[in-house]
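Right, one structure below, let's go through it.
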Amino acid sequence: MPNYSKSHEENRLKVCLVCFKRGSGMQRIGKAALPRIQRYFYANYDLKNEFLPAALCARCQGLLLDIERGNRTSEALPAPFDFSKVVPTKETRGHPKCSCCLCEIARESPIGKGLGTWKPEPHRLGRPKTDSPNKEVPPARPITICQRCHSTIGRGLSHTCTQSRWLNNICSELSRDPRGSEIHASDVLKAKLTDAGGDSPIRLATRGRSITLSVSAQSSRCSAGAFGDIAVPASEIARMQDAIGLSGRQTRQAAQFFREWKGRSSIEPNLLHRLAELNSELDPFYATESVQVRCSTGEFETRTVVFCSNVSGLVGYVLARRRMDPDPGSFLLKIGIDGGRGFFKVCMTLVRSGEQSSILLGGVTEAGSSPFAEGGVKKLIIIAAVEKVPEYYENVQTVLNLLNLEDVSFCSSVDMKLANVLLGLQSASSAHPCPWCETPRKEFANPHRSVRLRTFGSPSCQAAQYQRIEGQRSSKPSGEPFHNCIRQPLLNWPDSSNTLEAVPPMELHLLLGLVNRLYDELEQRLTALGPDGVRAAQWAEALHVRRSPYHGSQFNGNECDRLLGGVDSLRQILADHAAFSGVPVAHAFSCLRAVQQKCFGQQLLEGYDTAVKEFEAAYHALAINITPKAHALIDHVPQFLEAMAVQSGCRRGLGFWSEQAMESAHRDFSDMWSQRFKVDATHPEYARRLLRCITVYSSRHL
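Structure (structure tokens):
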């Protein structure tokens with residue numbers, strides 16, 4: 001078989017980036033090693049740069065890993081090679097091999113003669129000089145180990161094979177790995193316990209006299225599993241059922257298999273009866289009622305609403321079931337309101353608000369503790385649902401009146417459209433679209449704008465004035481003179497409270513709106529370059545991202561995250577095609593990514609306010625309209641985060657108040673409704689089945 005010389009791209013995988021040598025154990029630089037390289041060795045390293053190697057040898061991988069763990073300092077790494085000397089030559093038929101220095105090193109072979117110009121440096125005998133400037137530890141070399149006593153064999157080393165030498169060498173190796181020592185000790189103890197056969201004492205050898213240990217019957221029978229030899233309770237089977245979406249029949253079949261494997265006593269008796277009880281745990285809190293709602297045609301129709309008739313009682317019950325502190329200052333109640341997948345829903349989530357709160361439920365580790373996030377969709381409880389109802393003010397008011405939320409303290413987790421509805425404002429296309437301030441839309445781009453926050457007292461007063469004038473005229477008056485407050489707020493807060501406290505900025509929808517707006521601007525600029533130029537879709541396809549056909553063909557949350565994470569590839573594409581008009585948009589994407597990392601998560605990081613200001617400058621440089629969502633991020637997100645930090649003493653990111661769980665609940669609930677309960681609205685069992693679906697769904701999320 002002919003031997004073809006490797007191309008320059010193949011040779012990039014044969015040379016180590018750090019030591020710039022051909023080493024052993026070469027591995028392609030992946031996602032795990034890339035951050036270490038950029039942080040400790042070469043900050044501007046780009047994996048797609050053809051002038052740079054794309055692999056690491058085993059030794060340099062270990063060096064970078066030790067530096068990251070704090071075992072070594074970055075001084076152990078050599079100085080980066082001058083990669084400007086790497087000039088790939090064009091491969092032609094007459095010159096099929098690249099002659100750059102990187103390819104020459106890749107072709108060197110340390111084995112045999114005539115296979116290359118590389119030769120190993122001679123090994124210098126003797127002890128190194130104390131004044132040697134190079135005091136780094138030499139790289140590991142192969143050594144010879146005695147198979148009998150495990151001693152090192154070499155020049156100048158004494159070698160006496162004895163039982164004590166063998167024992168000392170084995171113990172010395174074990175002491176270098178504490179975890180390995182514990183694993184070995186546990187294996188020995190398990191074997192001893194098995195041989196002892198019960199509660200009999202076991203004897204262990206030492207370097208002197210042996211010792212005797214007694215183990216209680218309970219601990220000797222302890223299993224490594226969460227429940228040991230006791231039966232798995234029905235609550236855990238229900239948790240498994242909800243986690244992987246099993247139907248009742250599938251759950252019954254899974255239980256049969258477990259009992260065949262581990263015996264009939266491995267699962268709690270009367271499983272189906274217990275599961276039915278668990279699924280009905282919240283039945284006393286729910287009721288149904290037929291109400292009149294306004295449809296999209298403007299006509300009123302009758303709909304069946306399932307709602308919680310005692311929200312305060314339900315909150316107390318959930319707090320007790322989850323073993324959360326019932327003190328009002330120790331938890332945050334979020335009420336999410338949104339329509340999706342054919343249902344208008346009101347949901348609630350409970351999260352700990354203290355400094356010691358955990359992302360997982362209570363941070364508990366005992367058997368049976370829930371692995372789901374407190375604020376996640378698997379801990380969300382639906383408190384009202386009605387099918388095929390638009391998000392109109394009248395409909396929201398009707399549902400909220402049934403719930404009677406005046407007895408509980410909560411914050412709203414909604415999108416911007418529902419925020420305006422809850423506050424009695426007109427839509428986001430009005431002259432004063434912001435739910436948190438009275439700044440006119442035309443002043444959003446004014447660097448000297450005055451941001452006067454809305455209070456609950458001002459919309460109430462302005463809405464009363466508007467409705468009085470509306471009743472005196474035959475035509476509908478303009479809402480602009482009243483800051484577009486045309487209805488009374490649906491939230492019962494003190495008149496002096498800012499609306500920003502009751503309706504936090506919506507983390508998910510702000511991100512969706514800004515990413516899609518910047519992408520549209522990028523697409524418009526690149527399209528203007530002509531039919532032969534690069535397109536924004538090429539960048540999205542390279543990241544395996546595609547716009548969703550829902551909501552006007554927009555990118556969803558996960559796709560927006562991938563676009564922000566691929567800003568570097570966008571810059572490379574723009575540079576390769578000389579599409580310089582898209583560079584300002586790429587910079588705005590990069591600034592938005594910094595904002596997301598610093599203040600859109602669960603924790604608020606230092607420098608978030610600077611990141612917001614940099615995004616503001618980048619967005620203004622595009623000379624495009626300032627949307628209400630861009631205005632919200634620039635003006636109100638820093639205000640809200642600072643106010644919450646002062647109020648609670650915890651530096652929380654915007655993700656703590658996120659509406660993500662509410663959005664995820666649309667599909668989660670739709671799957672259960674479609675698979676098990678769905679009937680037509682005219683069916684005589686419709687109300688009962690909808691009520692049953694809501695109670696089962698919420699009971700499983702306790």
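At position 98 of the sequence shown (counting the first as 1) the number is 98 in full-length UniProt numbering, and the numbers step up by one without a gap. Backbone N, C-alpha and C define an ideal beta-carbon position, used for all residues, glycine too. A quick note: this is a predicted structure, and the numbers were derived from the prediction, not measured.
For I337, DSSP records a beta bridge to V346.
Closest option to S200, judged by alpha-carbon separation, among E268, T206, A54, L213: L213. In the structure shown, L405 falls within a helical segment according to DSSP collapsed to helix, strand and coil. Here S280 carries a coil assignment [DSSP, helix/strand/coil]. The criterion of a C-beta distance shorter than 7 angstroms is not satisfied by A536 and E480. In this structure, the straight-line span from the alpha carbon of I237 to that of V188 is close to 34 angstroms. One Cα belongs to G70, the other to A33, and the distance between them is close to 16 angstroms.
By a beta-carbon distance limit of 8 angstroms, G336 contacts V414. Their separation comes to about 7 angstroms. In its chain, beyond the 5 residues on either side, A231 have a beta carbon closer than 8 angstroms to the beta carbon of S265. From the listed residues Y466, W493, A385, the smallest Cα separation to S412 is found for W493. In the DSSP annotation of this structure, the continuous segment of the beta strand (DSSP E) that includes Y286 starts and ends at 286 to 294. DSSP places V595 inside the alpha helix (DSSP H), whose first and last residues are 583 to 599.
Distance check between F589 and each of L564, A579, H577 places L564 closest, using alpha-carbon atoms only. For I29, no beta strand (DSSP E) run applies, since DSSP gives it neither H nor E. Taken through DSSP and simplified to helix, strand or coil, A623 comes out as coil. Under DSSP, L453 takes part in a beta bridge, and its partners are C437. The Cβ atoms of L380 and T349 sit closer than 7 angstroms to each other. CA-CA distance, N401 to E541, rounds to 47 angstroms.
Between S5 and K97, the C-beta spacing is below 7 angstroms. Counting along the chain, no alpha helix (DSSP H) covers S413; the unbroken beta strand (DSSP E) around it starts and ends at 411 to 413.
In the three-state scheme derived from DSSP, where H, G and I count as helix and E and B as strand, V396 is classed as helix. C-alpha of G557 to C-alpha of G340: approximately 16 angstroms in a straight line. In the structure shown, A385 falls within a strand segment according to DSSP collapsed to helix, strand and coil. With the rule of 3 Cβ pairs closer than 8 angstroms, the stretch 433 to 449 does not count as touching the stretch 509 to 524.
For D668 and V377, the gap between their C-alpha atoms comes out near 8 angstroms. The Cβ-Cβ distance between F640 and Q602 does not fall below 7 angstroms.
Short of 7 angstroms from the beta carbon of G533, and not among the five residues preceding or following it, lie these beta carbons of its own chain, in chain order: L526, H577, A579. The beta carbons of V545 and E559 sit closer together than 7 angstroms.
In its chain, beyond the 5 residues on either side, Y466, I469, E470 have a beta carbon closer than 8 angstroms to the beta carbon of P477. Excluding the 5 residues flanking it on each side, I624 has same chain C-beta neighbours closer than 7 angstroms at E521, in chain order. For I211, the enclosing beta strand (DSSP E) stretches over residues 211 to 213.
Nearest to R441 by alpha-carbon distance, out of W673, W166, L702, A630, is A630. Residue state for T162 is assigned as coil, using DSSP reduced to three classes. Around L702, the same chain offers E281, V318, R321 as residues with beta carbons nearer than 7 angstroms, after the five sequence neighbours per side are excluded. Assignment of Q554 by DSSP, reduced to helix, strand and coil, places it in the strand class.
Sorting L423, R141, S664, D495 by C-alpha distance to the C-alpha of V396 places L423 at the top.
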